[in-house]
Each structure stands twice: as structure tokens, then as C-alpha cells.
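A short write-up of the structure that comes next.
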Amino acid sequence: MKHHHLVKQAVKHRQQKQIEKGKGNLHWWQLSLIGVGSIIGAVFFLGTGLSIKTAGPSIFIGYLIAGLTIFFVFNALAEMTINDTAPGSFRTYATKAFGHAASFTSDWMYWLCCPRKGSVSATLD
10 MKHHHLVKQA VKHRQQKQIE KGKGNLHWWQ LSLIGVGSII GAVFFLGTGL
60 SIKTAGPSIF IGYLIAGLTI FFVFNALAEM TINDTAPGSF RTYATKAFGH
110 AASFTSDWMY WLCCPRKGSV SATLD
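Basically our numbering = 1-based index in the sequence shown + 9.
Have a look at this one:
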């Protein structure tokens, strides 16, 4: 019990060093990205729980199919980007492959899905 105050001082000194060491390492944009990622993760977790409650464990087959589809789509986009480094997004590739009508349609369909995704996220709560 004689050295109790020395142990407290050592612990306090170590905690102070850890606080100083971690202070100022993250910028505002990093904290913003952490916040956005946390919100997206929470909404995805809630949506997954709701769909499992509604459809049962068979929903994982749907998630597997959707995940594989997304993998192949992004793999194709990566290959197109490597082969043709023109500035732009998927709309550029749709224009070159299918013409302006398909590019216009895919662009508007993409844009129209964005508000729908936001409204689904808002109604999960």
C-alpha cells in the first residue's frame, strides 16, 4: 500500500501518453468517411435483418447471386477501363458499345435509382 500512489501516477502518465499519441492523427475528411461508413453499415445491417426476418435464411442465396452479379459487373467495368482509358463513367462505355439511346437510358435509370435507395434507407427506421 505504500507504493499505491506511484502506481496511480504511472497509470495516469501512460494514459496521458496514449492520448497525446493518438491526438491529431485523423483529419476532418477521414472522420466524415468513418461516419458515412458507419451509417451505411448500420442501414445495411438493419436491412439484412429485416429481409432475413421476412424471407428466412433463403435470402442468403439471393445475396450470393447479387454479390456474384456485382462482382462480374465491376470486373467487366475494370477491364473496360483498362482497355479504353477514356474519361467518363459507365455511360461512356454504354455509348461506345450500344449507342446514345442506350447510354441515355442507362444514365437516367441510374439517376432514378438514387432517390429510391435513399427513401428505402429512410423507411428502415
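Just so you know, even glycine gets a beta-carbon here, dropped at the ideal spot from N, CA and C. None of these values were measured; they are calculated from a predicted model.
| Item | Value |
| --- | --- |
| Can you tell me whether residue 103 is buried or exposed, with buried defined as 16 or more other CB within 10 angstroms of its CB? | buried |
| Buried or exposed, going by whether 16 or more other CB atoms sit within 10 Å of the CB of residue 112? | buried |
| Ends of the alpha helix (DSSP H) at residue 73? | 68-92 |
| Roughly how many angstroms lie between the CA atoms of residue 15 and residue 21, to the nearest whole one? | 10 angstroms |
| So, helix, strand or coil for residue 56, using DSSP? | helix |
| Would you tell me roughly how many angstroms separate the C-alpha atoms of residue 124 and residue 18, rounded to the nearest one? | 56 angstroms |
| Tell me whether residue 36 sits in a helix, a strand or coil according to DSSP, three-state version. | coil |
| In chain order, what residues of the same chain lie with their CB nearer than 6 angstroms to the CB of residue 95, ignoring the 5 residues before and after it? | 101 |
| If you follow the alpha helix (DSSP H) that residue 95 is in, where does it begin and where does it stop? | Residue 95 -> no alpha helix (DSSP H), and no H or E assigned at all. |
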